[in-house]
Amino acid sequence: MKNLSTTLCVFLFGILTVLSIDFVYGQSFTAKYLISDGLPSQEIYDVHQDKNGMIWIACDRGITSFDGTSFKSYGLIDRIPSNMVFEFFEQSDGTIWCTTKELQLFYFHPDTLVFRNYKYNDKLLYAYENSIQEAEPRALVVGNDGSVKFRTLWRSGTISVSKDGELSFEVPDLTKAIYYVERKLVRDKSGYPSVKYLPGDEVTIPEGFRFSSRQHLIELEDTYVWTSQMAYQILRKDNFEQVQYKYFGDRPVILNVGLNDGNGSKGFWIGFTHNGVKVYDQKGRLKSHLAKDYSATTYFEDSEGGVWIGTHGSGLLYYSKSKLRLLRSSLGAEIYSLSIDDVGRLTYMTNQHLVFYVDEKLNSVFLKQTEWNDILGQYYFSNGTFYNDFIRSENENGSSLRFSDNRSRFPLFVSSSCIFDQDMNILLTSRGTRRPMADAEYLGSYMVVGNANSLFKIDQKGNELKRKNLGVKIVELDVHNDLIYCATKGKGVIILDKNLRVVDRIDSSKGAPSNFVFEVLIDGDTLWIASTNGLCKAFKRTNGEWKLENITLKEGLPDREVRDIEIIDGTVFLATRGGVCYFEQSDWKEITKEETRVYFKKVDLLVNGNSRKNFLDLSHDENQLEIQYNLITFANTQKLKFRYKLIGFNDNWEITSDRRVVYKSLPPGKYELVIQALINGTPRGNPIREKIVIHPAFYNQWWFHLSLWSFVVLVIWLFFKYRILNYNRGVIQEILRQILRRLRPEKNQFIVRCDGRDVRIVSEEVIYVESSRNYITIYTTSNRYVVRHKISDFTSLVPDPLEYIRVKRSVIVRVDKVTEKGVKSIKLGDKEFKVGKTYVENLNKIEL
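In terms of our numbering, the sequence shown is numbered consecutively and its last residue is 849.
Quick look at the structure:
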């Protein structure tokens with residue numbers, strides 16, 4: 002019963018494997034884009050990449066741009082003359098021209114996206130309506146002077162329009178091609194080639210070219226490729242001699258043909274009905290065959306090395322370029338271990354305990370099913386002995402078994418609990434520690450054993466000679482030139498000498514992709530390290546330092562984890578959770594080469610929702626900022642993130658998947674916004690740097706504060722100056738008055754004429770003087786005198802004028818006779834006077 006169930010399991014797995022091969026083969030593209038993804042149509046005619054990295058797709062519903070995340074379509078509403086667009090042609094300044102079914106041309110620049118019609122479209126339309134309605138334009142060339150020319154696909158011929166609008170075309174009648182004997186290559190002044198037929202009596206036209214109306218000519222460096230619907234031929238440039246010819250039968254199978262690049266240096270491609278695209282080099286040798294289940298209409302290689310294939314009704318296919326390949330039948334299987342069998346074939350085991358070998362055509366062939374997770378060992382040894390079975394001891398052997406990696410001598414068999422020699426004699430057990438054996442290797446006449454966190458050195462009898470605790474779990478061991486390489490779970494690769502002294506490390510601090518290592522494989526002077534984050538190739542420089550190069554998801558690994566490594570005849574095989582991955586060692590530089598052209602740029606700057614050229618010279622209320630940016634990539638869309646920081650506001654990096662950064666209310670200041678694109682955490686391209694200057698409100702400007710404080714200081718200064726000046730005047734006047742009193746005679750007298758006689762009055766006895774018209778009345782302590790005199794001239798009569806102050810227009814008082822002083826009045830004994838507005842300041846001169 003057990004054998005029946007095993008046989009049934011193997012049979013079912015074999016069927017599933019075969020089915021999966023067909024399924025995977027048909028779905029080997031990276032992505033497939035349909036109408037449901039945003040395409041306006043699934044009938045694709047051409048694909049092109051502009052100078053900004055944007056992919057453009059021509060179809061029977063106009064043209065569409067694609068930036069790796071979204072499609073945007075343009076049609077008749079955008080002034081495109083026809084919905085059926087066939088082909089793109091890019092001029093040196095980046096302007097893109099397009100051909101249409103009705104021979105109408107239009108052009109646009111990717112920076113402005115303004116669509117303009119060719120000024121001589123009317124003449125092309127006349128030719129289309131009257132002579133060549135069935136022609137499809139191909140191989141468009143636009144001269145710097147504005148002239149255009151193209152060949153026709155359905156009828157071999159050339160149409161051209163000069164810079165002045167002169168139309169010329171020659172389209173032969175191919176229904177009479179059976180009578181043509183000679184084909185002649187004709188070039189115009191610019192070197193544009195076309196084929197011209199000359200009449201004759203004998204039939205020399207190759208099979209497939211006689212009655213086929215769909216013909217096309219493309220130019221390579223040294224040859225021409227001429228195709229029909231049923232055949233193609235490669236012709237020498239110098240004499241038109243046929244170099245290669247291929248006839249596919251009497252049924253039309255060729256849909257289109259084109260160059261692999263712009264100048265033909267990389268060869269050409271041919272699109273077939275229901276047979277995909279075949280890519281050839283210049284000599285006509287087949288390089289690749291893609292999309293075999295589809296009718297291919299166009300082929301294009303983008304700047305990242307990715308391949309785009311347009312199809313007839315099945316949408317757009319994308320293949321991410323990578324020198325890393327997968328064994329198709331292993332896709333989807335979690336590969337546990339790799340090894341090499343006795344005839345040099347790669348064998349691998351899955352997590353379902355199924356063991357396969359890989360034949361010379363890289364097909365997986367089922368070998369057997371095991372009862373536990375064997376770890377496949379290395380099988381070649383110097384004496385020719387081959388261990389092709391896994392011997393399991395019922396009592397001592399644990400649940401897993403592996404072999405030492407040294408192929409120059411008999412292996413050590415390592416289980417989780419024991420180590421065996423080639424005769425299955427137990428050399429060492431875990432001695433009840435419940436810590437499984439990790440690996441064992443020969444070290445000269447000794448052995449080293451990894452057990453949990455410790456490394457042991459033992460003799461041939463299993464006696465422990467030395468122990469080293471590494472402080473981390475050991476996964477795998479390798480020995481080379483008396484050095485021990487320990488793969489660990491957390492400290493990378495630890496390198497020890499034969500005395501178990503640590504002499505070096507290879508870990509993430511030196512550039513390794515991970516510190517969790519599954520496998521170390523030594524190949525000459527190179528260390529291959531399998532880890533949880535990819536594959537590392539390490540070798541020492543001449544100065545003794547390690548140089549590390551890595552491949553991870555970014556370079557095309559199907560899964561982050563690499564669990565095992567094998568090398569066969571220069572091919573490196575990797576065990577991953579996504580299947581068996583392999584590549585040629587000679588392709589390592591190509592795989593690890595950084596992309597030199599990165600399309601990362603800002604798209605728009607918005608201030609309060611309005612587009613701006615920059616973020617400089619913003620007012621305080623223009624503080625809602627948004628910057629939109631984009632990195633156009635097609636191979637790394639799932640691995641793409643961005644990081645940004647605003648220097649002067651927050652110097653820490655922020656990670657985002659959005660293609661915009663928004664600040665809703667940024668305070669005034671000077672900042673610098675830095676944005677970087679990350680693919681798998683690695684910065685790509687030059688960062689975007691945008692300076693931001695937001696001015697504060699005028700009342701927060703330094704000049705306003707300075708002006709305000711200057712004004713306040715000035716006011717305070719003037720106030721104090723005025724008050725102190727007035728105060729000082731009163732003080733000075735009082736001092737002068739006292740001095741003069743000391744200097745003058747004891748009795749100051751002055752003479753006035755009163756009632757016709759002169760009267761002597763003592764100045765100290767005067768109390769006040771009051772005027773009435775042209776008379777003044779002088780009030781003294783003992784009398785009063787009426788004198789004809791002006792009050793304004795009174796102080797000129799007295800010897801001590803400083804002793805008198807005018808408080809009203811009609812009143813002068815003597816200062817020392819003032820007994821009370823108010824804000825607006827004074828008292829002299831019982832007599833009170835209101836002080837006039839004009840003379841209020843004189844109150845400051847009165848000191849009581």
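The beta carbon of each residue, even a glycine, is placed where N, CA and C say it ideally should be.
For residue 269, which residues does DSSP report across the bridge?
260, 281, per the DSSP bridge assignment.
Can you tell me the Cα-Cα spacing of residue 279 and residue 91, whole angstroms?
Rounded to whole angstroms, residue 279 to residue 91 spans 25 angstroms at the Cα level.
Using 8 angstroms as the threshold, is the stretch 824 to 836 in touch with the stretch 766 to 775, meaning 3 or more CB pairs across them?
Touching, per the Cβ criterion.
Just verifying my parser: in three-state terms, what is the DSSP assignment at residue 647?
Strand at residue 647.
Please give me, in chain order, every unbroken run of the alpha helix (DSSP H) with length at least 4 that falls completely inside the stretch 119 to 158.
List check, alpha helix (DSSP H) in window: 122 to 131.
Excluding sequence positions up to five away, which residues of its chain have a Cβ less than 8 angstroms from the Cβ of residue 1?
Examination of residue 1 is not possible in this model, given that the chain is present from 2 through 849 alone.
For residue 98, which residues does DSSP report across the bridge?
Looking at the DSSP assignment, residue 98 forms a beta bridge with 90, 108.
Is there a C-beta anywhere in chain C that falls below 9 angstroms from the one on residue 165?
No chain C is part of this structure, which consists of one protein chain only.
Go through its chain and collect everything with a Cβ distance to residue 149's Cβ below 6 angstroms, but skip five positions before and after it.
Taken in chain order, the residues that qualify are 143, 162.
Can you list the alpha helix (DSSP H) stretches of 4 or more residues lying completely in the stretch 542 to 605, in chain order?
You should have 589 to 593.
In whole angstroms, what separates the C-alpha of residue 235 from that of residue 86?
Their Cα atoms are separated by approximately 28 angstroms.
Taking all protein chains shown into account, decide if residue 668 is buried (16 or more other Cβ within 10 angstroms of its Cβ) or exposed.
So residue 668 counts as exposed.
So if DSSP puts residue 309 in a beta bridge, which residue, or which two residues, is it bridged to?
The partner list for residue 309 (beta bridge, DSSP) reads 301, 319.
Spell out a yes or no on whether the stretch 319 to 338 and the stretch 255 to 269 are touching, meaning 3 or more CB-CB pairs, one atom from each, closer than 8 angstroms.
They do not touch, by the three-pair rule.
According to DSSP, simplified to helix, strand and coil, what is residue 846?
Residue state, collapsed to three classes: helix.
If you run the structure through DSSP and keep just helix, strand and coil, what is residue 614?
If DSSP states are grouped into helix, strand and coil, residue 614 belongs with coil.
Let me check one thing: in DSSP terms, what residues is residue 44 bridge-paired to?
Looking at the DSSP assignment, residue 44 forms a beta bridge with 313.
Compute the Euclidean distance between the alpha carbons of residue 545 and residue 508, then round it to the nearest angstrom.
Answer to the nearest angstrom: the Cα atoms are 16 angstroms apart.
Locate the beta strand (DSSP E) running through residue 275, then write down its first and last residues.
Element bounds for residue 275: n/a, residue is neither H nor E.
When you compare only the Cα positions, how much space is there between residue 518 and residue 438?
The alpha-carbon atoms of residue 518 and residue 438 are separated by roughly 16 angstroms.
Out of 31, 54, 63, 55, state which residue places its alpha-carbon closest to the alpha-carbon of residue 42.
Of the candidates 31, 54, 63, 55, the one whose C-alpha sits nearest the C-alpha of residue 42 is 63.
In the DSSP assignment, find the beta strand (DSSP E) that holds residue 459 and state where it starts and stops.
Its beta strand (DSSP E) spans residues 455 to 459.
Please state the DSSP three-state secondary structure of residue 840.
DSSP places residue 840 in helix when its eight states are reduced to three.
Given a cut-off of 9 angstroms on the beta-carbon distance, is the pair residue 475 and residue 454 in contact?
The answer is yes: Cβ separation under 9 angstroms.
Is there contact between the stretch 648 to 661 and the stretch 559 to 570, where contact requires at least three CB pairs shorter than 8 angstroms?
Touching, no.
Note down the Cα distance separating residue 473 from residue 452, rounded to an integer number of angstroms.
The straight-line gap from Cα to Cα measures roughly 10 angstroms.
Can you give the beta carbon distance from residue 49 to residue 301, rounded, assuming they're within the 8 angstroms contact cut?
The pair is a contact, with the Cβ atoms about 7 angstroms apart (cut-off 8 angstroms).
In three-state DSSP terms, what is residue 236?
Looking at residue 236 - three-state DSSP - the assignment turns out to be strand.
Which residue spans inside the stretch 60 to 89 form an unbroken beta strand (DSSP E) run of at least 3?
Counting whole runs of 3 or more residues, the stretch 60 to 89 contains the beta strand (DSSP E) stretches 63 to 67, 72 to 75.
Tell me which residue opens and which closes the beta strand (DSSP E) that residue 243 is part of.
243 to 248 is the span of the beta strand (DSSP E), which, as asked, contains residue 243.
According to DSSP, is residue 804 part of a helix, a strand, or is it coil?
If DSSP states are grouped into helix, strand and coil, residue 804 belongs with the helices.
Can you tell me where the beta strand (DSSP E) with residue 350 in it begins and where it stops?
Residues 347 to 351.
Kindly indicate the opening and closing residues of the beta strand (DSSP E) around residue 451.
Residues 447 to 452.
Counting pairs of Cβ atoms below 8 angstroms between the stretch 104 to 116 and the stretch 73 to 82, do you hit three or more?
Taking 8 angstroms as the limit for Cβ pairs, the verdict is that the stretch 73 to 82 does touch the stretch 104 to 116.
Can you tell me the Cα-Cα spacing of residue 102 and residue 96, whole angstroms?
Answer to the nearest angstrom: the Cα atoms are 20 angstroms apart.
In this structure, what does DSSP give as the bridge partners for residue 438?
Paired residue(s): 452.
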